[in-house]
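Before any comments, here is the structure.
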């Protein structure tokens, strides 16, 4: 039906408008939105006006737009926020309070690590993370933990791609990364030095869901001047176990509950 | 133009589909979505399918839908998350760690209090809050703080409405609420006992933005068995001052920066 096709494309265009906002471009002009989406000026103008009307976009200043509070509120209903984040928070807060360091909660999203939570530390460590930001899987502790527990075909496909360097310690060699992933599986944790950002190191561990599968990972980030990362391992593993427990009892057969 | 009218209405319908999800109904069937939006089955089906395709909705089980990770990620770009929440978090974490109690960060949203952050406590206090949830302004400490600093016309209009009771201590008399608001303005903080939920009490204080206006409030929630709420006032006010400072320098003329 013509109506269906037209409807689909209006919604698609509106979602493209929303998708043009990102961590790097949280605020845009109409011209920037039009350029990013390839939409005509008039179409962009009309869609943006309607999105503002619904509170999905906000206009902080004349001609400038950003994601609005209504979209944030809707997003807070997603399971990643309602279930995972809420369940994990008490244990993450304890880890942040005891260590005084930045704490991350991360999930796999396509082929990247998506940062679901980031608690603040008392030390000034250079970190690139931000809630909602996605970072390369191979270049961070929690990312490598997720990769270590991903299906074999996923890992093979991932290792066949280029592994870009983001800092001095980034593992860019597929063979070395494969051995690092095996280490993570056998030890149950992951130490990283200067892999995502020079000057930042981390200790990460997996979080297991009721299905028996790794559903997330967490990490504590410390300055790379920290000599013995190993000292943080018990606290990180205990926290991961606490979150695993908070997510609910594991199915006795190890299968999915649904 | 017909095209414009039809386009507007497709987007409006899609936003109505998203708006049918709420804290009370985070997961819905197609039938529930159709009933909540008043849309025809076929239209609902088509819109939901497209929203799933874009990751805006997810299908956790056959015929059941919920808000997807892509919408959560977009929402995390809203200023309320990126600016306010990120700036406030270190101080909120300190308050939660020192008191061991639930800590809230709240903003005014239409005529309600919108909970932007909620850190966990070590005590089991009955609280209705959840990130993204809205609660009545007059029935919570942080809500009353926001109301106390709202424009006079807003307060008059608010007090002319019915003030529903949510717990034994809820202030439902407009005159008494008006006096409570004056107290909050003169003392700089707010004590509440059993106003939102029986068994929960709170101490709240305002957060001031660079414009010199109150942009948010924070509170710490304690069991109502706590005898002297006053003991928590300095910690709450110091935290509110820390967040105020983190939001940036106040304009010397007290006017808006934009």
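Protein chains in written order, with UniProt numbering: chain X, 1 to 258; chain V, 1 to 258. Ideal Cβ positions, reconstructed from N, Cα and C, are used throughout, including at glycine. The structure displayed is predicted, hence computed values, not measured ones.
For residue i, three-class secondary structure by DSSP
i	result
residue 171 of chain X	coil
residue 123 of chain V	coil
residue 226 of chain X	coil
residue 12 of chain V	helix
residue 218 of chain V	strand
residue 57 of chain V	strand
residue 256 of chain X	In this predicted model, residue 256 of chain X has a pLDDT of only 45, less than 50, meaning its place in the structure is not dependable enough to derive any value.
residue 26 of chain X	coil
residue 206 of chain V	strand
residue 241 of chain X	helix
residue 191 of chain V	strand
residue 64 of chain V	strand
residue 235 of chain X	helix
residue 201 of chain X	strand
residue 179 of chain V	helix
residue 44 of chain V	helix
residue 7 of chain X	The predicted position of residue 7 of chain X is uncertain, since its pLDDT is 40 and thus under 50; a value taken from the coordinates is nonetheless stated next. In the structure shown, residue 7 of chain X sits in a helix (DSSP, three-state: H, G or I).
residue 84 of chain X	helix
residue 2 of chain X	Because residue 2 of chain X carries a pLDDT of 36, less than 50, the predicted location of this residue cannot be relied on, and no value is offered for it.
residue 164 of chain V	coil
residue 90 of chain X	helix
residue 212 of chain X	coil
residue 158 of chain V	helix
residue 76 of chain X	coil
residue 250 of chain X	coil
residue 19 of chain V	helix
residue 39 of chain X	coil
Residues that residue i contacts on chain X, provided the C-beta gap is smaller than 7 Å
i	result
residue 220 of chain V	Result: empty, since nearest Cβ-Cβ is about 14 Å, beyond 7 Å.
residue 18 of chain V	74
residue 90 of chain V	120
residue 137 of chain V	What residue 137 of chain V touches in chain X: nothing, since even the nearest Cβ is about 16 Å away.
Residue burial classification, residue i (beta-carbon count within 10 angstroms, cutoff 16)
i	result
residue 185 of chain X	exposed
residue 126 of chain V	exposed
residue 225 of chain X	exposed
residue 138 of chain X	buried
residue 87 of chain X	buried
residue 41 of chain X	exposed
residue 153 of chain V	exposed
residue 99 of chain V	buried
residue 17 of chain V	buried
residue 149 of chain X	buried
residue 151 of chain V	exposed
residue 231 of chain X	exposed
residue 113 of chain X	buried
residue 162 of chain V	exposed
residue 305 of chain V	The question about residue 305 of chain V has no answer, for chain V in this structure spans 1 to 258.
residue 25 of chain X	exposed
Under 8 Å by beta carbon: chain V residues contacting residue i
i	result
residue 21 of chain X	74, 77
residue 14 of chain X	11, 14
residue 146 of chain X	The contacting residues do not exist; residue 146 of chain X stays about 14 Å from chain V at best.
Check: residue i C-beta below 8 Å from any heavy atom of the ligand SAM
i	result
residue 235 of chain V	What this structure holds is no ligand at all, so the ligand SAM is not there to describe.
Proximal chain X residues relative to residue i, where beta-carbon distance stays under 8 Å
i	result
residue 93 of chain V	93, 96, 97, 119, 120
residue 126 of chain V	None at all; the shortest Cβ gap to chain X is about 16 Å.
residue 56 of chain V	15
residue 114 of chain V	69, 73
residue 234 of chain V	None at all; the shortest Cβ gap to chain X is about 20 Å.
Neighbouring residues, chain V, relative to residue i (Cβ below 7 Å)
i	result
residue 132 of chain X	73, 76, 77
residue 67 of chain X	74, 75, 77, 78
residue 82 of chain X	26
residue 263 of chain X	Nothing can be reported for residue 263 of chain X: it is not among the residues displayed for chain X, which extend from 1 to 258.
residue 157 of chain X	Neighbours of residue 157 of chain X on chain V: none; closest Cβ ~20 Å, over 7 Å.
residue 325 of chain X	Look at the range of chain X in this structure, 1 to 258, and you will see that residue 325 of chain X is not part of it.
Beta carbon proximity, residue i to chain C, threshold 9 Å
i	result
residue 142 of chain X	Absent here is chain C; the protein component of the structure consists of chains X and V.
Partners in chain X for residue i, counting only beta-carbon separations shorter than 9 Å
i	result
residue 163 of chain V	Within 9 Å Cβ-Cβ: nothing; residue 163 of chain V doesn't reach chain X, min ~24 Å.
residue 229 of chain V	Correct list: empty, because the minimum Cβ distance to chain X is about 23 Å.
Three CB pairs or more closer than 8 Å across the stretch 224-240 of chain V and the stretch 188-208 of chain V: yes
3-residue-minimum beta strand (DSSP E) runs that sit fully inside the stretch 98-154 of chain X, ordered along the chain: 102-109, 112-119, 134-136
Segment contact, 8 Å Cβ cut-off, at least three pairs: the stretch 88-108 of chain V with the stretch 212-224 of chain V: yes
At least 3 beta-carbon pairs within less than 8 Å: the stretch 88-98 of chain V vs the stretch 66-77 of chain V: no
The stretch 189-200 of chain V contacting the stretch 161-181 of chain V, beta-carbon criterion three pairs below 8 Å: As far as the Cβ criterion goes, the stretch 189-200 of chain V touches the stretch 161-181 of chain V, which means the pair count is three or higher.
Segment contact, 8 Å Cβ cut-off, at least three pairs: the stretch 46-64 of chain X with the stretch 25-34 of chain X: With a cut-off of 8 Å on Cβ pairs, the stretch 46-64 of chain X is in contact with the stretch 25-34 of chain X, counting three or more such pairs.
Meets three-Cβ-pair contact criterion under 8 Å: the stretch 48-56 of chain X and the stretch 48-61 of chain V: no
The stretch 97-104 of chain V touching the stretch 113-121 of chain V, judged by at least three CB pairs closer than 8 Å: yes
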